[in-house]
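Structure record follows, encoded as structure tokens.
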Amino acid sequence: MNGVLEEYPDDTPKDYADCIQMSWKRDPEERPSAEEMHPGVSCLPQEQGTQEETKTRINGEQPHYMGALKAYFKATSTLPSLEIWTLSERLPHGDRKIMEWFSSSASGHTSALAILNIGNSHYHGRDVKQDYKEAMKWYLAASEAGVVVAMLKISDMYQHGHGVEQDEHAAESWYSKAVDTAEEQSRTNNRYVHHDASVSEHHRETMLWFGGAERTGREAIKFRIGEEYHHGHLQRDYGKAVEWYLKASDDGNTHAMCNIASLYYDGHGVEQSYDRALKYYRMASDAGHSLAMYAIGTMYDAGLGVHEDLPKSREWYLKASEAGNADAMHIAGVLYHVGLGVEQDYHKAMEWYTKASDNGIPSAMFHIGIMYHNGSGVDQDFSKAVEWYRKSSDAGNIHALYSVGAMYLHGLGVDQDYDKALEWFLKASDAGSVSAMLDIGIMHEQGHAVDQDYGKALEWYLKASDAGSASAMNNIGVMYDRGHGVDQDYGKALEWYLKAGDAGSASAMYTIGDMYNRGHSVSQDCTKAMEWFCKSSDAGDLTASYDLGVMYHQGTSVKQDYGKAMEWFLKASKAGVAGAMLNVGTMYYYGRGAEQDYGKAMEWFRKASDAGVAAAMFSVGVMYYHGRGVEQNFGKTL
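Going by UniProt numbering, the sequence shown opens with residue 1, and the numbers climb by one from there.
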């Protein structure tokens with residue numbers, strides 16, 4: 001190449017030609033990094049299916065494939081050695097022509113990547129018979145070209161005696177040479193960016209630059225090598241990842257400490273141990289690593305390696321959020337939002353949610369939407385709620401996808417639009433939202449945005465049920481109960497109600513109680529009815545509280561007890577059950593379960609009357625007629 005950009009083949013696709021042009025930029029800062037080059041590799045035919053299928057596919061795509069491959073190698077020939085290893089194991093295999101081209105390319109010294117890849121092919125037995133000695137020959141050639149990963153491979157081969165006599169001294173010597181070379185290259189290539197690998201892309205710690213940053217040097221190189229083994233860019237080897245992370249950790253690299261903790265946490269490459277995970281998280285935390293602080297919080301939260309301690313978990317979450325961890329910022333928002341271990345403070349919650357949102361946390365965006373939806377700490381604003389739900393959904397939050405659909409369904413912040421609601425629910429269901437599956441079923445059952453179709457409704461209820469939705473199980477029970485989309489079958493209805501009740505559906509629990517109370521499709525059993533009504537009431541269905549009041553009032557299956565009847569009626573009436581309000585008034589009127597009190601009776605009759613109970617309206621008239629609890633007034637009796 002001799003410093004002159006060679007012409008590339010006519011059949012070279014534009015993407016690869018662009019890679020070549022970019023790689024020849026004079027300013028290193030303008031050249032593409034390994035990660036930017038990687039899409040070029042992913043566009044090449046990949047190994048899927050059998051080796052023969054791969055060969056057939058590759059041969060069928062000639063000359064496009066070889067043109068792309070040649071262009072790709074030309075583009076990568078200007079990359080620094082540090083970036084070559086990231087690409088070397090990502091190339092497709094499965095055809096002798098590829099090996100031949102690698103060899104001709106390597107012999108022409110056009111690409112260190114080609115040389116390294118031939119070594120890899122011989123080492124792993126790809127496209128050729130496995131031959132450690134031949135691999136060593138090519139790794140030595142690549143190392144002379146300054147390829148750090150080749151030096152590491154040689155070190156590894158000496159350490160394990162692959163193709164050479166086992167020699168610990170030689171292994172250490174090659175390892176030192178690799179680190180020295182990488183360190184030298186890092187000073188001249190200010191391009192290599194590290195994203196903390198132990199967490200998801202939304203939780204990245206500060207980027208570590210090999211060149212030009214304060215935290216540069218051998219420990220950073222060791223960490224990077226560990227990361228390559230951790231994530232399989234060389235070849236996945238958790239044991240080696242731990243070895244390299246330990247070396248970097250001994251030199252003070254906090255990212256390495258955190259990743260060692262992660263490997264102990266999951267039991268990758270080491271015996272699983274929460275105690276050791278916590279030890280390394282603490283080491284990293286002491287050095288200011290915010291992710292480690294957050295991880296310690298999660299361990300106290302779940303009682304892993306320590307006794308469960310929610311106050312301490314909150315302490316660590318807040319500490320991590322102050323140190324800049326985006327996930328912890330979101331948790332801090334939740335703590336203040338709900339008032340868990342801290343005084344409820346919507347303004348602080350919004351502050352932390354906003355910070356987490358600015359750092360790309362989809363759940364934080366979703367919670368900001370909820371705060372606008374409910375008017376928590378801000379003026380209620382459905383339009384802003386929709387705006388934040390959309391932001392969160394664009395960032396991948398499943399709950400937000402569902403919430404946008406719900407806003408269209410109910411016309412909150414947007415014009416009511418069943419078609420758009422269904423569209424969003426379908427997106428959410430594809431992403432795994434059980435609530436969306438349930439609502440799609442309801443829309444088919446009720447005929448919103450689609451023709452009423454009990455069969456399709458049942459299909460969606462079954463999907464939601466399989467995903468654990470108690471409400472869907474209850475709805476399936478209702479369909480068998482009423483014969484909607486299926487033959488009416490009370491036995492199957494009860495079967496589904498029982499499943500739903502066991503899964504926590506208060507409505508299903510109430511229905512089961514009512515079936516036993518009335519003897520509907522089962523033998524009448526008031527004792528079982530009371531059991532299920534109690535379960536339903538405890539689960540939040542206050543209609544059951546009313547029925548329990550009736551049972552105690554009438555002495556059905558239990559000893560008559562006006563005091564307990566009054567307790568249940570009050571519980572139901574405070575939740576808005578109008579019939580319960582009437583009964584509370586009646587009990588005050590007659591002095592049953594409480595001292596006779598016409599004033600309180602009148603108060604409850606009025607409440608029931610305002611709720612539309614005709615009998616209560618009549619009772620109010622009677623009170624005015626007789627002047628009980630109020631001044632007698634015949635005019636108001638009319």
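Built from N, CA and C at the ideal position, the CB exists for glycine as well.
Could you compute how far the alpha carbon of residue i sits from the alpha carbon of residue j?
i           : j      : result
Met581      : Leu570 : 7 angstroms
Leu44       : Asn475 : Model confidence at Leu44 stands at a pLDDT of 38, short of 50, so the residue's coordinates are unreliable; what they give is reported in the following sentence. Their Cα atoms are separated by approximately 49 angstroms.
Ile260      : Arg236 : 15 angstroms
Met299      : Ser321 : 16 angstroms
Asn517      : Ala611 : 26 angstroms
Leu318      : Cys534 : 40 angstroms
Ala256      : Ala284 : 8 angstroms
Val613      : Asp541 : 20 angstroms
Pro311      : Lys564 : 38 angstroms
Lys636      : Phe605 : 14 angstroms
Val523      : Gln488 : Note that residue 523 is Ser in the sequence shown here, rather than Val. Approximately 19 angstroms between the Cα atoms of the pair.
Glu408      : Ser573 : Contrary to the premise, residue 408 reads as Tyr rather than Glu in this sequence. Roughly 32 angstroms separates the two Cα atoms.
Leu291      : Asp301 : 15 angstroms
Lys55       : Arg314 : With a pLDDT of 39 at Lys55, under the threshold of 50, the modelled position of this residue cannot be trusted; read the value that follows with caution. Rounded to the nearest angstrom, the two C-alpha atoms are 56 angstroms apart.
Ile296      : Ala508 : 40 angstroms
Gln169      : Gly161 : A small fix is needed here, since residue 169 is His in this sequence, not Gln. So the alpha carbons of these two residues sit roughly 12 angstroms apart.
Met530      : Gly519 : 13 angstroms
Gly303      : Tyr265 : 13 angstroms
residue 648 : Lys456 : Summary: the structure shown does not reach residue 648, with the chain confined to residues 1 through 638, and so no result is reported for it.
Ile398      : Ala326 : 19 angstroms
Glu53       : Ala500 : No answer about Glu53 holds up, because its pLDDT of 41 lies below 50 and its placement is not dependable.
Gly447      : Asp439 : 12 angstroms
Tyr490      : Glu351 : 53 angstroms
Gly549      : Ser521 : 24 angstroms
Arg276      : Ser262 : 10 angstroms
Tyr590      : Gln596 : 6 angstroms
Glu184      : Gln166 : 28 angstroms
Asn120      : Glu459 : 51 angstroms
Asp250      : Ala323 : 23 angstroms
Val486      : Ser505 : 22 angstroms
Ala539      : Gly513 : 13 angstroms
DSSP on residue i, reduced to helix/strand/coil?
i           : result
Val338      : helix
Lys528      : helix
Ile370      : helix
Arg628      : coil
Arg282      : helix
Asp417      : coil
Gln554      : helix
His169      : helix
Ile361      : coil
His307      : coil
Glu271      : coil
residue 644 : For residue 644 there is no data in the structure shown, the boundaries of the chain being 1 and 638.
Asp451      : coil
Gly612      : coil
Glu603      : helix
Lys391      : helix
Val622      : helix
Gln185      : helix
Ser536      : helix
Gly405      : helix
Glu595      : coil
Lys559      : coil
Asp381      : coil
Glu343      : coil
Since residue i and residue j should fall inside the 8 angstroms C-beta cutoff, what is the C-beta to C-beta distance between them, to a whole number of angstroms?
i      : j      : result
Phe366 : His373 : Actually they are not in contact, since the Cβ atoms of Phe366 and His373 sit about 10 angstroms apart, beyond 8 angstroms.
Gly593 : Met623 : Not confirmed; about 19 angstroms, so no contact.
Met437 : Ala467 : 7 angstroms
Met551 : Ser545 : Actually they are not in contact, since the Cβ atoms of Met551 and Ser545 sit about 11 angstroms apart, beyond 8 angstroms.
Gly454 : Ala428 : Per the sequence shown, residue 454 should be read as Tyr rather than Gly. Actually they do not touch by this definition, with Cβ atoms about 22 angstroms apart.
Can you tell me whether residue i is buried or exposed, with buried defined as 16 or more other CB within 10 angstroms of its CB?
i      : result
Asp502 : exposed
Val278 : The sequence as given places Leu at residue 278; Val does not occur at that position. Classification for Leu278: buried.
Ser81  : Its pLDDT being 41, under 50, Ser81 is placed unreliably by the model, and nothing is read from it.
Tyr480 : buried
Gly441 : buried
Asn633 : exposed
Val179 : buried
Glu172 : exposed
Glu228 : buried
Thr527 : exposed
Under 8 angstroms between C-beta atoms, does residue i make it to chain D?
i      : result
Gly360 : Reference to chain D is not applicable here, since this structure consists of a single protein chain.
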